[in-house]
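Written below as structure tokens is the structure these notes are about.
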Amino acid sequence: MNAAGERRRLVVAITGASGAIYACKLLERLGRMAGMEVHALISDAGRQVLRLEAGLAPEDLPGVEKWFAADDFTAPMASGSARYHGMVIVPCTTGTLAAIAAGLSRNCIHRAADVMLKERRPLVLAVRETPLGRSHLENMLRVHDAGGIICPAMPAFYHRPADLDDLADQFAGRLLDQLGLHAPGLRRWGGD
Ligand SMILES: Cc1cc2nc3c(=O)[nH]c(=O)nc-3n(C[C@H](O)[C@H](O)[C@H](O)COP(=O)(O)O)c2cc1C
């Protein structure tokens with residue numbers, strides 16, 4: 041809930057980078073959070089990779105109140121007047137990163153990210169690529185300088201993840217941290 045007792049609205053976008061499991065784990069966590077309303081977007085490539093890596097369609101994912109088509113510029117998150125706490129793109133391709141860095145707004149994912157930056161709301165990009173080329177690094181710096189948070193899909197191992205689910209869940213918790221949201225069960229170095 042926000043200070044006015046309203047449910048917090050969050051945009052979650054899935055693009056076509058490897059790491060669909062991170063999106064699944066983040067949505068599972070958000071689905072367990074009271075007072076949270078998730079509006080989701082997925083690119084065509086995101087849909088393909090989700091199917092390929094997890095055998096799932098977007099509609100199979102938990103925690104989403106409403107799906108919007110990535111080409112639908114009438115979706116509420118396309119306007120700064122719509123109230124959102126913030127946005128996370130997970131996983132985020134280098135193509136989407138580049139579009140955001142350049143302010144292209146070619147689809148509603150890019151546009152919503154642009155809106156978050158101009159409205160000074162948290163925008164978290166779980167960029168995934170390896171190795172990183174010069175344009176990727178430059179675009180990350182551009183988005184960072186514009187106020188976005190680059191949170192590459194680089195999971196930690198010091199908490200000794202039991203399995204892949206645990207690894208991805210802990211990374212999803214770190215994404216919530218970056219959005220300023222509560223992340224129950226996140227194993228922190230030094231404890232809570
Ligand atoms: C299985 C698969 C894995 C991919 N992994 C990555 C990746 O890790 N990072 C990346 O930047 N692009 C990756 N791509 C390529 C993107 O999906 C492609 O550039 C696409 O145009 C991105 O569009 P989007 O940003 O609108 O989702 C992958 C594609 C496939 C099919």
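Residues are numbered in this note's numbering as their position in the sequence shown, beginning at 1, plus a constant of 40. All residues carry an ideal CB built from backbone N, CA and C; glycine is no exception. The structure presented is a predicted model; accordingly, all values stated were derived computationally and were not measured.
- For E169, there is no enclosing beta strand (DSSP E), since its DSSP letter is neither H nor E.
- Annotated three-state conformation of C132 is strand, per DSSP.
- In the three-state scheme derived from DSSP, where H, G and I count as helix and E and B as strand, E178 is classed as helix.
- In chain order, L50, V51, M156, R161, P162, L163, V164, L219, G220 place their CB closer than 8 angstroms to the CB of G126, counting only its own chain and leaving out the 5 sequence neighbours on each side.
- Taking R182 as the centre and dropping the five residues before and after it, the same chain places the C-beta of A141 closer than 7 angstroms to its C-beta, in chain order.
- Considering only L81, G231, D209, P171, the residue with the shortest C-alpha distance to D111 is L81.
- Straight-line spacing of the CA atoms in H79 and M194 works out to 25 angstroms.
- For H125, the secondary structure class from DSSP, reduced to helix, strand or coil, is coil.
- If you check the C-beta of R200 against ligand 1, you find no heavy atom less than 7 angstroms away.
- Taking 8 angstroms as the cut-off, the beta carbon of A152 is found no closer than this to the beta carbon of C191.
- Note that the C-beta distance between E77 and R123 is not below 8 angstroms.
- By the CB criterion at 8 angstroms, P131 and A60 fall inside the cutoff.
- For L101 against C64, the beta-carbon gap comes to about 6 angstroms, under 8 angstroms, which counts as contact.
- DSSP places L221 in the coil class of the three-state scheme, outside both helix and strand.
- Between G71 and G95, the C-beta gap is not smaller than 8 angstroms, which leaves the two residues out of contact.
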